[in-house]
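*Asks:* Okay, here's the structure, questions in a sec.
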């Protein structure tokens, strides 16, 4: 691989290429979770907002590029995506989206059980059991992909 | 004002309306800083990236909406803005933008002098003295507006 | 400038000298805010406590020197200033001072909206609308000066 | 389920039971990763140390119980497990274990790219490419199970 | 002293050897506190759980080794010790142990007065005044020994 | 005790009164440490700066009052004490004071071994072995008193 890397970057192993069996199984998990989310009636836009917000928190550039594209394709707007980092302070997101984003942040911050109690109780008031489970599964999966891409330093190329 | 507010929000004083003289003076400062940035040869897109990144760190929804619009108008793309939260890990931003973003984050994290030393040294290698001063001034100013809007809880309405 | 600097310090641009128009406008803002605070009936000592506490949190040595002098001149005591860093745990500060200090800390910690909700509600019970706006404006302004001095590394010379 | 829960615990959805397809796929991933680790020549004890340390950082009681049992069965001692939380400061762990633990902590702290650079460079000196990939995969997987169990609040019963 | 030290460790002064009078007085304090705990009716296992949890938080390997041994000798099990880092999320610890662990964590996090208020109120419901005082004294003392051993980098040798 | 307490404060046990034997032993330790510091040739002002800075970090109002008084009595000035919270960024403190303050902060932040390595190496260049040991002992002791007073909520009365 000879593509340019950002300043200070040393070469990394692409762990998806290095261990294709593990990566393949994670992709299968992701597809199962996509099915779980669809069956629970979660909107595609909501799922992509969760993917984006978790990727912001974890700092995964590659996943932000992939899921910005997916969110726009699913019909979300550059304006809403631009405000997502401060979603709590706006009227732009629906109650279901707000409940899902809070639950996703709390799941990502694994050690913060107080935040989890608050987010969980709020989610109960807005989402079904299937939807709560699905949002947590989406969050678990994007957390996994974030770590794969961050540790592999998957490159982000400009769109053409 | 009777518009709906997010869950848990109580009414806040709009400190810009409550103290118009102070607000007017801050707007004047902002205009002076805009002049400083232009004279130093800072690109409008770079300035908006700084405004956006600081507003992400401080969690100012109102400022994110305003400056997302400004950045798009200045020619930046939804894709680059989507990746901004993890700018360090990508090839999407120019050396000048990277230096400015690092300096802006370090200036915002006022108490972290180690981060400031690193960002400052990196900026020295890429930006002129006037540009370094201008980036810090832009950061100081957006930090001020972030606090005005956050504490006033300025509402964010959907675009039409 | 040839004065000695602390260990590890490299030379910095004084951004107030580099961009005098921006600095002049910020000083004007500061004077407007001083007027706002006086008109709201905020005591000079309370204003200096806010300036000092924010400067402690942000770690601005230059501002701590300037405002320690101002607080002593306004009639505060070395003992109260000595305890200021733990003001929450004492009986030394008045209810108005306590409300202002909590609001100032919450405004400074821009991203912590939970702390803002608590501090805001507490301030409502003790301060007028004009005073709340004034305390936030004082905090916004000292945050700006802190960042100017920290990034310029304004030197602190012993008093004679 | 009628078993007692800790103070403050409300009932949670077991997301593994709620979405068995997703859980099944994650278990398959875990088995693929186990194979990857074995082929890379990673010792079972090393793998369990990674599972335990990540579960300590994330605060997953259920996973700590499961992997304490597994680590003891694999031949590790109560004494080493007792010191694991401060592994960096001891001579009790081998260079390979130390490299793996540092890499696991850095992978878990997704947003800390400076820690990742340091841990990655240290791992390069001690582990093969296959082993580095395997340690990251083990860490990605235990992070996923941690979040499943934490958000489901899987109960931990005393051993008999 | 020629014993091997962990990677990156430079030689440190053993401050207990360097200042034997101070160390002797601290050991006397520790013995007084042991008496206070016994008179208050605190179980030896509970005291060792406090010693271990504080040593985990502070990252003292030497103290973890010493008190893992003491806890096992006092009758606690490798399984409970393995779960201790996530004690809040389990049913494995008694109400008195849970109250003591919360109080110990809050005492160790000296600056977090909100956590102290919560832990103190919870302890009131379960422990006597003498027991609360004793748990705090145990925590103060192990915090002191943690700092002595961490700064001296007391070595941890494998058990034989 | 009927004196007013700050908002939100409930009554606390004074653990020094509740367990006088433990407190007496801690006072003896403190006196031994005072001797160690004097024998090592540490200036009284330097010792009080360490006591004050640690008490700022831990947020102990009672200790800040006691040691502000002691520092002024030892000859330090309100101006230097006013800047202490940002000591790193000034020329007001001597090399020995700077080395001691860095070592004290690193000892107080028990879990931050990277900060300890840096502070320790810096202290080596300026302080003798006896002085390093003494500074650590002073820090260990004030950390203990901070926790005693914070958890007892020792009241701070205005000076007359």
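Protein chains in written order, with our numbering: chain A, 16 to 175; chain B, 16 to 175; chain C, 16 to 175; chain D, 16 to 175; chain E, 16 to 175; chain F, 16 to 175. Glycine included, every Cβ here is placed at the ideal spot set by N, Cα and C.
Thinking residue 70(F) and residue 103(D) are a contact (beta carbons under 8 Å), I'd like their distance in whole angstroms, please.
*Replies:* The Cβ separation is near 29 Å, so there is no contact.
*Asks:* Nearest CA to the CA of residue 170(E): which residue from 56(E), 46(E), 99(E) and 80(E)?
*Replies:* 80(E)
*Asks:* Quick one: give me the first and last residue of the alpha helix (DSSP H) that residue 108(B) is part of.
*Replies:* Secondary structure note for residue 108(B): it is in no alpha helix (DSSP H), with a DSSP letter that is neither H nor E.
*Asks:* Candidates 76(E), 28(E), 134(E) and 174(E): which alpha carbon is nearest residue 101(D)'s?
*Replies:* 76(E)
*Asks:* Going along the chain, which residues of its own chain have a beta-carbon closer than 7 Å to the beta-carbon of residue 162(D), five neighbours each way excluded?
*Replies:* Excluding its 5 nearest sequence neighbours in each direction, residue 162(D) has no C-beta neighbour in its own chain below 7 Å.
*Asks:* Between which two residues does the alpha helix (DSSP H) carrying residue 35(A) extend?
*Replies:* Going by DSSP, residue 35(A) is part of the alpha helix (DSSP H) stretching over 35–54.
*Asks:* According to DSSP, is residue 126(B) helix, strand or coil?
*Replies:* coil
*Asks:* By the 10 Å Cβ neighbour count, where 16 or more other Cβ atoms means buried, how is residue 168(F) classified, buried or exposed?
*Replies:* buried
*Asks:* Quick one: list the residues of chain C neighbouring residue 41(B), beta-carbon separation under 8 Å, in chain order.
*Replies:* 44 and 155
*Asks:* Buried or exposed for residue 149(E), please, with buried defined as at least 16 other CB atoms from any protein chain shown within 10 angstroms of its CB.
*Replies:* buried
*Asks:* Under a three-way DSSP split, which group does residue 156(F) fall into?
*Replies:* helix
*Asks:* At a Cβ threshold of 7 Å, is residue 34(D) touching chain A?
*Replies:* yes
*Asks:* Go to residue 76(A), then tell me how far its alpha helix (DSSP H) extends in each direction, as first and last residue.
*Replies:* 76–88
*Asks:* Around the Cβ of residue 97(E), are there at least 16 other Cβ atoms within 10 angstroms (buried) or fewer (exposed)?
*Replies:* Buried is the call here.
*Asks:* Assuming residue 137(C) contacts residue 130(C) (C-beta within less than 8 Å), just tell me the rounded distance between them.
*Replies:* Contact doesn't hold; Cβ gap of about 11 Å is too wide.
*Asks:* Find out if the Cβ-Cβ distance for the pair residue 9(E), residue 123(F) is shorter than 7 Å.
*Replies:* Any property of residue 9(E) remains undetermined from this structure, which presents chain E solely from 16 to 175.
*Asks:* Can you give me the start and stop residues for the alpha helix (DSSP H) that residue 63(A) sits inside?
*Replies:* 59–73
*Asks:* State the start and end residues of the unbroken alpha helix (DSSP H) segment that holds residue 96(E).
*Replies:* Looking at the DSSP string, the run of the alpha helix (DSSP H) that includes residue 96(E) is 93–98.
*Asks:* DSSP three-state call for residue 140(C): helix, strand or coil?
*Replies:* coil
*Asks:* Taking a Cβ distance cut-off of 8 Å, strictly less, list which residues of the stretch 128–158 of chain F are near chain E, in chain order.
*Replies:* 128, 131, 132, 135, 136, 144, 145, 147, 148, 149, 151, 152, 154, 155, 156 and 158
*Asks:* Please go through the same chain and pick out, in chain order, the residues whose beta-carbon is closer than 6 Å to the beta-carbon of residue 134(D), but skip the five residues on each side of it.
*Replies:* 117, 118 and 121
*Asks:* At least one CB of chain C closer than 7 Å to the CB of residue 37(B): is that the case?
*Replies:* yes
*Asks:* Assign residue 174(A) to one of two classes, buried (16 or more other C-beta atoms within 10 Å of its C-beta) or exposed (fewer than that).
*Replies:* Under this definition residue 174(A) is an exposed residue.
*Asks:* Could you check which residue in 56(C), 68(C) and 172(C) has the C-alpha nearest to that of residue 154(C)?
*Replies:* If we check each option's Cα against that of residue 154(C), 68(C) comes out closest.
*Asks:* Helix, strand or coil for residue 171(B)? Go by DSSP, reduced to three states.
*Replies:* coil
*Asks:* Kindly list, in the order they appear in chain E, the residues whose Cβ is closer than 8 Å to that of residue 120(D).
*Replies:* Neighbours of residue 120(D) on chain E: none; closest Cβ ~12 Å, over 8 Å.
*Asks:* By the criterion of Cβ-Cβ separation under 9 Å, what are the contact partners of residue 168(F) in chain C?
*Replies:* 104
*Asks:* List, in chain order, every chain F residue whose beta-carbon is nearer than 8 Å to that of residue 174(C).
*Replies:* 92 and 94
*Asks:* Do you know how far the Cα of residue 66(F) is from the Cα of residue 143(F)?
*Replies:* 20 Å
*Asks:* What does residue 55(E) touch in chain D if you count any residue whose Cβ is under 9 Å from its own?
*Replies:* Under the 9 Å cutoff, chain D gives no residues; its nearest Cβ is about 22 Å from residue 55(E).
*Asks:* Given a cut-off of 7 Å on the beta-carbon distance, is the pair residue 47(F) and residue 159(E) in contact?
*Replies:* no
*Asks:* Taking the straight line between their C-alpha atoms, what separation do you get for residue 89(B) and residue 58(B)?
*Replies:* 9 Å
*Asks:* With C-beta atoms as the reference, is residue 152(B) less than 7 Å away from residue 114(C)?
*Replies:* no
*Asks:* Flag this pair as yes or no: are the beta carbons of residue 63(B) and residue 82(B) separated by less than 7 Å?
*Replies:* A contact, by the Cβ cut-off of 7 Å.
*Asks:* Hey, residue 33(E) and residue 145(F) are a contact pair by Cβ (cut 8 Å); roughly how many whole angstroms apart?
*Replies:* 7 Å
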